[in-house]
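Visitor:
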Amino acid sequence: GQTRKIGKFAADRLRKLGHEVSLVDAAEKFADVSLEGVDTVILAASVHERRHPKPFEVLLAAQSAELNALDTLLLSISLSAAFPEGLEEAMDYLVEMKMRTGIEPTAEALVAGAVRTGSYDYFASQVLRHVVLRGRDYDPSQGEHEFTDWDALAVTIDDFVGLERSDVRDKDQ
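To get my numbering, take the position in the sequence shown, counting from 1, and add 3.
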């Protein structure tokens, strides 16, 4: 839901800036993922149950050498990132994923996700209320809510694609 929306937002923004863009869903089992001829990659994945999706992590691990040789922005999308008191937890998700996959992105950002109450079963709604949003200033009974800061995301994307090769860390160190 929200991660797909964020991916489309990034793709549309990049196309408007004159970049050629391809979107790939790591959850598609037969997705053709080729980095040939690619110089910049934006990766986006949501966090559920304290980690990014396994298919996403498998893709990153399988292509970590290639990805680490490219300019790469990693967007980690979670509800924890929507709250100041959740930022440390959101960063932990990202750090753990990087340790599991071996990827070292050029840039990374914690992006606030969304609450989609209409798509949750009873169990998921209880986990949302009593685990994910515990003590945070949002009541899921208010209905669906998008926490994504689109203006901040636009700045993150613009800043990333504006990087010059000389500004990027020396990947050989």
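C-beta atoms are modelled at their ideal positions from N, C-alpha and C, and glycine is treated no differently.
Measuring CA to CA, which of S81, K19, D15, L38 is closest to A117?
Guide: S81
Visitor: So, for T6: in the same chain, excluding its five sequence neighbours on each side, which residues have a beta-carbon less than 8 Å away from its beta-carbon?
Guide: For T6, the CB contacts under 8 Å within the same chain, skipping 5 residues up- and downstream, are A47, A48, S49, I80, G116 in chain order.
Visitor: For D74, count the other beta carbons within 10 Å of its own beta carbon; 16 or more makes it buried, fewer makes it exposed. Which is it?
Guide: buried
Visitor: Pick out whichever of P87, I9, E60 has its Cα sitting closest to the Cα of E99.
Guide: E60
Visitor: Pull up the DSSP beta-bridge partners for E149, would you.
Guide: A117
Visitor: Can the beta-carbon of A84 be found less than 9 Å from the beta-carbon of V114?
Guide: Cβ atoms of A84 and V114: closer than 9 Å.
Visitor: Taking 8 Å as the cut-off, is the beta-carbon of H22 closer than that to any non-hydrogen atom of the ligand FAD?
Guide: With respect to small molecules bound, the structure shown includes none, and the ligand FAD cannot be examined in it.
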